[in-house]
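Reading through the structure tokens given below for one structure.
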Amino acid sequence: MAPNREHDKWVAEQFERPRWQYRDVILHAAFIEGTVCSKSTRKRKQDNFKLDIQWLCDKDKLINEDERAAFHKVRETRNALAHRILKQRATEQQIIQWRDDLKEHILAAYRISPFLDKELFKKYKIDRTSNRGKRGQPPNKRGHGSIQ
1 MAPNREHDKW VAEQFERPRW QYRDVILHAA FIEGTVCSKS TRKRKQDNFK LDIQWLCDKD
61 KLINEDERAA FHKVRETRNA LAHRILKQRA TEQQIIQWRD DLKEHILAAY RISPFLDKEL
121 FKKYKIDRTS NRGKRGQPPN KRGHGSIQ
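Anchor point for the sequence shown: position 91 equals 91 in our numbering, and the numbering is continuous, going up by one each time.
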């Protein structure tokens, strides 16, 4: 990322050809967390993804129960992945499986959430239907492709 690149443009570029490698799943989990925390009206000293998810559903009424469950899955899987990699002597296959689990939870949240559609995809003008590779080509074997 160039040091003076506009934030909105950079965020949108992260959806153009996601590779879904470790960096990408952590980044996309952070997009969800940041969107949730920035829209919560909970009074706080610092962001707390878990509490802000609850607040958006119970108090702000900006997300429904399905979204709440999907966001919690992303949070729990992201936390488990980060802690496991640091605390356990994981094999490459284990790390790949944990990464893939997080990817699936992120994609599920993207698919079902009207909140993310409005506050992330529409805000940053991200066209989710055109992210299938260059010039309409199908994704390649390295995992590039659609975020739907």
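Glycine residues also receive a C-beta, built at the ideal position from the N, C-alpha and C atoms.
Host alpha helix (DSSP H) of residue 63 (start-end): The residue you call residue 63 lines up with position 63 of the sequence shown. Where residue 63 is concerned, there is no enclosing alpha helix (DSSP H), given that its DSSP letter is neither H nor E.
Inter-residue Cα distance where the pair is residue 62 and residue 122: Counted from its first residue, the sequence shown places residue 62 at position 62. Counted from its first residue, the sequence shown places residue 122 at position 122. Their backbone Cα atoms lie some 16 Å apart in a straight line.
What number of angstroms, rounded off, separates the C-alpha of residue 19 from the C-alpha of residue 29? Your numbering for residue 19 matches position 19 in the sequence shown. Your numbering for residue 29 matches position 29 in the sequence shown. Taking the straight line joining both Cα atoms gives about 14 Å.
Neighbourhood of residue 66 by C-beta distance below 6 Å, restricted to the same chain and skipping five residues each side: The count along the sequence shown starts at 1 and reaches residue 66 at position 66. Counting only Cβ-Cβ distances below 6 Å, and skipping sequence neighbours, we find 112.
What residue range is occupied by the uninterrupted alpha helix (DSSP H) comprising residue 38? By one-based count along the sequence shown, residue 38 stands at place 38. Note, residue 38: alpha helix (DSSP H), 22-39.
Can you tell me where the alpha helix (DSSP H) holding residue 52 begins and where it ends? Looking up residue 52 in the sequence shown gives position 52. Taken as a continuous stretch (DSSP letters only), the alpha helix (DSSP H) holding residue 52 covers 49-58.
CA-to-CA distance, residue 59 to residue 86, given in whole angstroms: Start at 1 with the first residue of the sequence shown, and residue 86 comes out as number 86. Start at 1 with the first residue of the sequence shown, and residue 59 comes out as number 59. Their backbone Cα atoms lie some 35 Å apart in a straight line.
Residues in the same chain with beta-carbon distance under 8 Å from residue 149, minus the five sequence neighbours each way, listed in chain order, please. Look at the range of the chain in this structure, 1 to 148, and you will see that residue 149 is not part of it.
Alpha carbon to alpha carbon, how far is residue 108 from residue 50? Give it in angstroms, no decimals. Here residue 50 corresponds to residue number 50 of the sequence shown, with the count starting at 1. Here residue 108 corresponds to residue number 108 of the sequence shown, with the count starting at 1. Those two C-alpha atoms are separated by around 18 Å.
If the criterion is Cβ atoms closer than 8 Å, does the pair residue 125 and residue 12 meet it? Counted from its first residue, the sequence shown places residue 125 at position 125. Counted from its first residue, the sequence shown places residue 12 at position 12. Cβ atoms of residue 125 and residue 12: closer than 8 Å.
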